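Colleague:
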Amino acid sequence: MITQRAGREDRRDMLKRIGRQIVVFGVFVVLMGFAYSGYKALGQSIDDKQHDWWVVGSVLPRTDDLNMPPILDILTEFGALQGGTDKVLGRLLFEEALFTLREAALGFAIGSVVGMAIAVVLARWKRLERGLLPYVIASQTVPLIAIAPIIVIWGRKNFGFMPWEWKDWMSVSIIATFLTFFPVAVNGLRGLQSPKPENLELMESYAASWSETLWRLRLPASVPYLFAALKIAATASIVGAIVGEISAGVGGGLGRRIFLEAQRYTTGPERLYASVIGSAILGILVFLTITGAERLVLGRQGREAIT
Amino acid sequence: MKKNSLWRILAILLVFGLVATACGDDDDDVADAPEELIAVSLQLQWVPQSQFAGYYAAVELGFYEDVGLDVTIIEGGLDIVPATVLDSGGADFAISWVPRGLVPREEGLNITNIAQVFQRSGTLQVSFADSGIDSVDDLAGKNVGNWGFGNEFELLAGLASAGLDANSDVTLVQQDFNMSALINGDIDASQAMIYNEYAMVLETINPDTGELFQPEDFSIIDWNDVGTAMLQDAIWADADRLEDDADYRAAAVAFVEASLRGWAHCRDNPQECTDIVVAVGTPFGGPAHQAWMMNEINALIWPSPGGVGLMDQGLYDQTIEIATSQGILAAAPDDGAFRTDIAEEAIANLEAQGIDVKGSGFAKGVVEVAEGGE
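If you read the sequences in order, they're chains A and B. If you read the first sequence in this note's numbering, its first letter stands for residue 1, the second for the next number, and so on. If you read the second sequence in this note's numbering, its first letter stands for residue 1001, the second for the next number, and so on.
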């Protein structure tokens, strides 16, 4: 009876909290919109192109419609039919987002598994940690756009043996993997090492093998750390997919859309703005998905344990 | 006990996976079996647009099938160097500008130009008419935009031909692949392809008049006129495979033949080819923009006095002269850099079919510009 009521209050609390967050986010977006329009109105009231402003004029963004399309134009562009298609931009962006999401999801899945495997190996053999961790870190300094074409060509040529047909978007997933495994490996390792000495000693006193300790103590203890990493990895996988699409020339996705809209920016700046907003929304959605999963798995206590 | 069940789930998943992929394979076999076409792939230098209309038309209208090929077109990207893709086996043929094919070739890739499709360069330097830039000399002291990545060679050679030092007499500015910098006044002259960025600026509203920008608003330097034009789109193939693999060579002849047939078709039916490109789902500009591009691309190809796809030795020499004098190439490439035997065979086959391979009577059409190219 008591626990039931507590549960109900918990849920009400949660709904309240989510509601509050949505309101705060909405207010923030509106404020940003006002700041954008306000700056624009200010700039235009003084000098449209701002060439004459001392120093400031060459530093701050210009306020004409080419450089700062009106917010209303950007929003209506989502509903505007695009030439050569029978679809509105919002619909096209949704399709591109699905394309990117597929790449990112595969990259995220592989990256998480690889990252966790690295974490387990490093946790098992301390000496490896000292030897390998620098390489894991160094891997993140490799510029993605430099390796992207290599991965695409390599994928096309060398993955023919796979039982399924290798597509270019899978190469983009590998690029996304490159960004996702790192936070998982590093945080996973920290999580696996997080059990207190007394807990480890207790397992030892049971004569538990290393793998038993792993399954029953280390892995469960690492879950909160993992979720923190997965949140980073999920957004990073979107970034990786977008960067991969831009450089690799796959036939779709938000990255390619952004790149192309940047190219025809002159004749439609609002399309580029809309595409960037679309990507931001996708990033926020995957972040929220992982956060939701975290709450489902850990509940409130789990989250509090780590924070 | 708990661990056992976990393994069991894994095993079941594995079996499912294997079964699913096995089924997938069967489907593929059934789909591929009846046709006896040779599968080849073509790496483009850029995204689908009318610049590649001839190839898309050849796919769409079955010209490749007629010569026994099943062609897959692979689009390009920012980072994709077609020559590298070709040499590493990522594609069977590639479209590349001549200098952008010769530079990696000098670095050791054994590729060769088998058909010089574009006979003229499409690169311009565009400025506002009131800027006083009417010739290369007038660029002195100006901010001159260029895209870099090897797109600046003609500009550098042009400056040199006018006696200007690219480092001290002008300020070279790396610009975006659009015309905003020119319109913003950040640069005085902007690099533009006649079939793309130049159209883009004409599709833009002039904030001063409220109407579209007009051609009279601009002053154009055309590198073809200056004499520093370099050859652009050509079909490239793997030179080693051409020597060792008779089937590949036969496929190359067939590929060039059907591609050139596609270009001849687009010369005579520009609107149909524009529609094909738009239907492929060009992400770039609207139908009006692609129609403009189709018209300008045709003018870069036609007329082809020696026959379409044949190398113009004079322009080739000019390209090499510029490339070596600008330090783009260390030395003039050897004879294997291009070969005409494949294009000649292809042209002979086309002529036998009664197809006009020269387009002597070609005259550029007039395409209405629409705001935003929609």
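Quick reminder that beta carbons are idealized off the backbone N, C-alpha and C, glycines included. Everything numeric in this text was worked out from a predicted model, so none of it was measured.
Can you give me the C-alpha to C-alpha distance between A:I372 and A:G191, rounded to a whole angstrom?
Modeller: Only positions 1 to 307 of chain A appear in the structure, and residue 372 of chain A is not among them; the question remains open.
Colleague: Residues of chain B with CB closer than 7 Å to the CB of A:R264, please, in chain order.
Modeller: Start at 1 with the first residue of the first sequence, and residue 264 of chain A comes out as number 264. Per Cβ cutoff of 7 Å: N1178, M1200, F1284, G1285.
Colleague: For B:S1088, which residues in chain A fall below 7 Å Cβ to Cβ?
Modeller: As a position in the second sequence, residue 1088 of chain B is number 88, starting the count at 1. Going along chain A in sequence order, the residues near B:S1088 (Cβ under 7 Å) are I153, K157.
Colleague: For the region 1222 to 1237 of chain B against the region 1140 to 1147 of chain B, are there 3 or more C-beta pairs whose distance is under 8 Å?
Modeller: Too few Cβ pairs lie closer than 8 Å, so no.
Colleague: Would you kindly report the start and end of the unbroken alpha helix (DSSP H) that includes B:A1083?
Modeller: Mapped onto the second sequence, residue 1083 of chain B falls at position 83. Per DSSP, B:A1083 belongs to the alpha helix (DSSP H) from 1082 to 1087.
Colleague: If I measure Cβ to Cβ from A:D13 and keep anything under 8 Å in the same chain, skipping five residues before and after, which residues do I get?
Modeller: Taking the first residue of the first sequence as position 1, residue 13 of chain A is located at position 13. If we look at A:D13 and ignore the five residues flanking it on each side, it has no Cβ neighbours.
Colleague: Residues of chain B with CB under 7 Å from A:T267, in chain order?
Modeller: Residue mapping note: residue 267 of chain A aligns to position 267 of the first sequence, counting from 1. Here the neighbours are M1200, E1203, T1204, G1372, G1373.
Colleague: If we count the other Cβ atoms within 10 Å of its Cβ and call it buried at 16 or more, is B:V1085 buried or exposed?
Modeller: Counted from its first residue, the second sequence places residue 1085 of chain B at position 85. Label assigned to B:V1085: buried.
Colleague: Alpha carbon to alpha carbon, how far is A:L179 from A:G79? Give it in angstroms, no decimals.
Modeller: By 1-based counting over the first sequence, the position of residue 79 of chain A is 79. By 1-based counting over the first sequence, the position of residue 179 of chain A is 179. Near 34 Å, if we compare the C-alpha coordinates of A:L179 and A:G79.
Colleague: Strictly below 7 Å CB to CB, what residues from chain A border B:L1078?
Modeller: Residue numbering aside, residue 1078 of chain B sits at position 78 when the second sequence is read from its first letter. Neighbours of B:L1078 on chain A, chain order: I246, S247, F259.
Colleague: Keeping to the same chain, check which residues put their C-beta closer than 8 Å to that of A:E129; ignore five residues upstream and five downstream.
Modeller: To locate residue 129 of chain A, count along the first sequence from 1; it is residue 129. These residues qualify, in order along the chain: L122, A123, L189.
Colleague: Relative to chain B, which residues along the region 210 to 232 of chain A have a C-beta separation below 8 Å, given in chain order?
Modeller: The region 210 to 232 of chain A vs chain B, Cβ under 8 Å: W215.
Colleague: Nearest to B:T1411 by CA position, among B:S1050, B:G1090, B:S1041, is which residue?
Modeller: Because residue 1411 of chain B is not part of the residues shown, which for chain B are 1001 to 1374, the question remains open.
Colleague: For B:E1060, which residues of its own chain have a beta-carbon under 7 Å away from its beta-carbon, when the five flanking residues on both sides are left out?
Modeller: Mapped onto the second sequence, residue 1060 of chain B falls at position 60. Once the five neighbours on either side are set aside, the close Cβ partners of B:E1060 are I1276.
Colleague: Give me the chain A residues within the contact set of B:V1126, using Cβ-Cβ distance strictly less than 7 Å, ordered along the chain.
Modeller: To locate residue 1126 of chain B, count along the second sequence from 1; it is residue 126. Residues of chain A passing the Cβ test: none, with the nearest at roughly 12 Å.
Colleague: Measuring only the C-alpha atoms, how far is B:E1296 from B:Y1195?
Modeller: Here the question's residue 1296 of chain B lines up with position 296 in the second sequence. Here the question's residue 1195 of chain B lines up with position 195 in the second sequence. If you take the alpha carbons of B:E1296 and B:Y1195, they lie about 5 Å apart.
Colleague: If you measure from the CB of A:I74, is any heavy atom of the ligand MN nearer than 6 Å?
Modeller: This structure simply doesn't include the ligand MN, nor any ligand for that matter.
Colleague: Give the residues from the region 56 to 86 of chain A that approach chain B closer than 8 Å (Cβ to any Cβ), ordered along the chain.
Modeller: Going along the region 56 to 86 of chain A in chain order, one finds R62, D64, D65, L66, N67, Q82, G83, G84, T85 with a Cβ nearer than 8 Å to chain B.
Colleague: In chain order, what residues of the same chain lie with their CB nearer than 8 Å to the CB of A:D168, ignoring the 5 residues before and after it?
Modeller: Position 168 of the first sequence, counted from the start, is the residue given in the question as residue 168 of chain A. Excluding positions up to five away in sequence, the list reads V152, G155, R156, A248, G249, V250, G251.
Colleague: Measure from the C-beta of B:F1016 to each C-beta in chain A and report whether the shortest distance is under 7 Å.
Modeller: Within the second sequence, numbered from 1, the residue matching residue 1016 of chain B stands at position 16. Unreliable placement is indicated for B:F1016, whose pLDDT of 42 sits below 50; no coordinate value is reported for it.
Colleague: Pull up the distance between the alpha-carbon of B:N1178 and that of A:N67, whole angstroms please.
Modeller: Along the second sequence, read from residue 1 onward, the residue named residue 1178 of chain B stands at position 178. Along the first sequence, read from residue 1 onward, the residue named residue 67 of chain A stands at position 67. Between B:N1178 and A:N67, the C-alpha separation is close to 13 Å.
Colleague: Report, in whole angstroms, the separation of the C-beta atoms of A:G33 and A:S237, which I expect to be a contact under 8 Å.
Modeller: One-based indexing of the first sequence puts residue 33 of chain A at position 33. One-based indexing of the first sequence puts residue 237 of chain A at position 237. About 29 Å; that fails the 8 Å criterion.
Colleague: Against chain B, with Cβ distances strictly below 7 Å, would A:A148 count as a contact?
Modeller: Counted from its first residue, the first sequence places residue 148 of chain A at position 148. Answer yes: the Cβ-Cβ gap between A:A148 and chain B drops below 7 Å somewhere.
Colleague: In chain order, which alpha helix (DSSP H) runs of at least 4 residues are fully inside the region 1126 to 1161 of chain B?
Modeller: Segments of the alpha helix (DSSP H) lying fully in the region 1126 to 1161 of chain B: 1153 to 1161.
Colleague: Listed in chain order, which residues of the region 102 to 117 of chain A have Cβ atoms closer than 9 Å to some Cβ of chain B?
Modeller: So nothing in the stretch comes that close.
Colleague: Ignore the nearest five residues each way along the sequence and tell me which others in A:A75's own chain have a CB closer than 7 Å to its CB.
Modeller: Position 75 of the first sequence holds residue 75 of chain A. A quick correction: the sequence has Leu, not Ala, at residue 75 of chain A. The answer is none, since no qualifying residue turns up.
Colleague: Let me see if you follow: with CB-CB separation under 7 Å, is A:I145 close to chain B or not?
Modeller: Numbered from 1 along the first sequence, position 145 holds the residue referred to as residue 145 of chain A. Output row for A:I145: interface = yes.
Colleague: State the Cα-Cα distance for the pair B:N1151 and B:A1291, rounded to the nearest angstrom.
Modeller: As a working mapping, residue 1151 of chain B is identified with position 151 in the second sequence. As a working mapping, residue 1291 of chain B is identified with position 291 in the second sequence. For B:N1151 and B:A1291, the distance between alpha carbons rounds to 24 Å.
Colleague: Output needed for A:G255: all residues of its chain with C-beta closer than 6 Å, excluding positions within five of it in sequence on either side, in chain order.
Modeller: Taking the first residue of the first sequence as 1, we reach residue 255 of chain A at position 255. These residues qualify, in order along the chain: I242, E245, I246.
Colleague: Are the beta-carbon atoms of B:I1314 and B:V1357 separated by less than 7 Å?
Modeller: In the second sequence, the residue the question calls residue 1314 of chain B occupies position 314. In the second sequence, the residue the question calls residue 1357 of chain B occupies position 357. The question names Ile, but residue 1314 of chain B in the sequence shown is Gly. No.
Colleague: Sorted by chain position, which residues of the same chain lie with C-beta nearer than 6 Å to A:I110's C-beta, five sequence neighbours on each side aside?
Modeller: In the first sequence, counting from the first residue as 1, residue 110 of chain A sits at position 110. Excluding residues within five positions, the ones whose Cβ falls inside 6 Å are T177.
Colleague: Kindly list, in the order they appear in chain A, the residues whose Cβ is closer than 7 Å to that of B:V1278.
Modeller: As a working mapping, residue 1278 of chain B is identified with position 278 in the second sequence. Going along chain A in sequence order, the residues near B:V1278 (Cβ under 7 Å) are G84.
Colleague: Using the rule of at least 16 other Cβ atoms within 10 Å of the residue's Cβ for burial, across every protein chain shown, is A:N187 buried or exposed?
Modeller: Translated into the one-based positions of the first sequence, residue 187 of chain A becomes position 187. Buried.
Colleague: Output needed in chain order: residues of the region 1178 to 1193 of chain B with a Cβ under 8 Å from some Cβ in chain A.
Modeller: Residues N1178, M1179, S1180, I1183, N1184, G1185.
Colleague: Since I believe B:V1047 is in contact with B:G1090 (beta carbons under 8 Å), could you give me their beta-carbon distance rounded to a whole number of angstroms?
Modeller: Start at 1 with the first residue of the second sequence, and residue 1090 of chain B comes out as number 90. Start at 1 with the first residue of the second sequence, and residue 1047 of chain B comes out as number 47. The pair is not a contact, with the Cβ atoms about 17 Å apart (cut-off 8 Å).
Colleague: Measure the Cβ-Cβ separation of B:A1115 and B:A1343 and say whether it is below 7 Å.
Modeller: The residue you call residue 1115 of chain B lines up with position 115 of the second sequence. The residue you call residue 1343 of chain B lines up with position 343 of the second sequence. Contact: yes.
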